[in-house]
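Heads up, the thing below is written out as structure tokens.
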Amino acid sequence: MIQLHSHHDISSPIETIWQLLMDFGNIEAWWPADAPINIARVELDGSGVGMTRHIYNVGFDSPVSERLDALDPENHSLQLSIVGERPAGLLHYQATGTLSVLDNGGCRLTYDSEFIAEEGREDEARAFLLGAYELMYLGLDGAGN
15 MIQLHSHHDI SSPIETIWQL LMDFGNIEAW WPADAPINIA RVELDGSGVG
65 MTRHIYNVGF DSPVSERLDA LDPENHSLQL SIVGERPAGL LHYQATGTLS
115 VLDNGGCRLT YDSEFIAEEG REDEARAFLL GAYELMYLGL DGAGN
């Protein structure tokens, strides 16, 4: 199991960013426009904890399907897994995102994840995930302002 740790400081208040993250099915509200990966559409199965968002990206045949495993409003934390057909050689993926308040009135998103990739594809999977995190941070920066 490979673990990744990442964080990003956002100038918007924690409640603004939490509302965006908590609305799990509405990733299009904050995903950056004109990004290297653009969302064509999102299809939802279910609602609340246990729901899955199927993210169809432009130029890709299969969606990236993310299941909301846990939502903790008191601690501004959520957990998700990539399920179904996984990209970049991923065999298992789970992440926890947690927001914390910064002294300047903004917030920090800390993102801890673990994954297993096909043998020989670990670096590809790591690069894919870190790239996705950067797009997530870029989108939340823009949507929160």
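Counted from 1, the sequence shown has number 50 at position 36 by this note's numbering; the numbering is strictly sequential. Backbone N, C-alpha and C fix where the C-beta goes; we use that ideal spot for every residue, glycine too.
Task: As assigned by DSSP and simplified to three states, the class of A54 - done: Stepping through the sequence shown from its first residue, residue 54 is reached at position 40. Of the three classes helix, strand and coil, the one that applies to A54 here is strand, per DSSP.
Open item on the list: Which complete beta strand (DSSP E) runs does the segment 93–155 hold, if anything under 3 residues is left out?
Closed with: 104–115, 121–131
TODO: Tell me S20's beta-bridge partners as DSSP assigns them.
DONE: If you number the sequence shown from 1, residue 20 lands on position 6. Paired residue(s): Y125.
TODO: Specify the secondary structure class of N71 as computed by DSSP and reduced to three states.
DONE: For this step, residue 71 is matched to residue 57 along the sequence shown. Here N71 sits in strand by DSSP.
Open item on the list: Within 10 Å of its beta-carbon, does G111 have 16 or more other beta-carbons around it, so buried, or fewer, so exposed?
Closed with: Along the sequence shown, read from residue 1 onward, the residue named residue 111 stands at position 97. G111 comes out buried.
- [ ] Within the same chain, show all residues whose beta-carbon is closer than 8 angstroms to that of I24, passing over the 5 residues directly before and after it, in chain order.
- [x] Numbered from its first residue, the sequence shown carries residue 24 at position 10. Only I31, G120, C121, R122, L123, Y151, L154, D155, G158 meet the Cβ criterion.
- [ ] Report yes or no: do three or more beta-carbon pairs, one from the segment 98–112 and one from the segment 126–135, lie closer than 8 angstroms?
- [x] yes
TODO: Could you round the C-beta distance between E84 and V63 to whole angstroms and report it? I think they count as a contact, below 8 angstroms.
DONE: Residue mapping note: residue 84 aligns to position 70 of the sequence shown, counting from 1. Residue mapping note: residue 63 aligns to position 49 of the sequence shown, counting from 1. It should be noted that the sequence gives Ala, not Glu, for residue 84. Indeed they touch by this definition, with Cβ atoms about 6 angstroms apart.
Open item on the list: Taking a contact to mean a Cβ-Cβ separation below 8 angstroms, would you say G81 touches I41 in this structure?
Closed with: To locate residue 81, count along the sequence shown from 1; it is residue 67. To locate residue 41, count along the sequence shown from 1; it is residue 27. Reading off the sequence, residue 81 comes out as Arg, not Gly. It is not a contact, given that the beta carbons lie outside the stated cut-off.
- [ ] Apply the 10 Å Cβ neighbour rule to V78 and answer buried if 16 or more other Cβ atoms are within range, or exposed otherwise.
- [x] Numbered from its first residue, the sequence shown carries residue 78 at position 64. That one is buried.
Open item on the list: Taking the straight line between their C-alpha atoms, what separation do you get for H22 and E57?
Closed with: As a working note, residue 22 is residue 8 in the sequence shown. As a working note, residue 57 is residue 43 in the sequence shown. Going by the C-alpha atoms only, they are around 28 angstroms apart.
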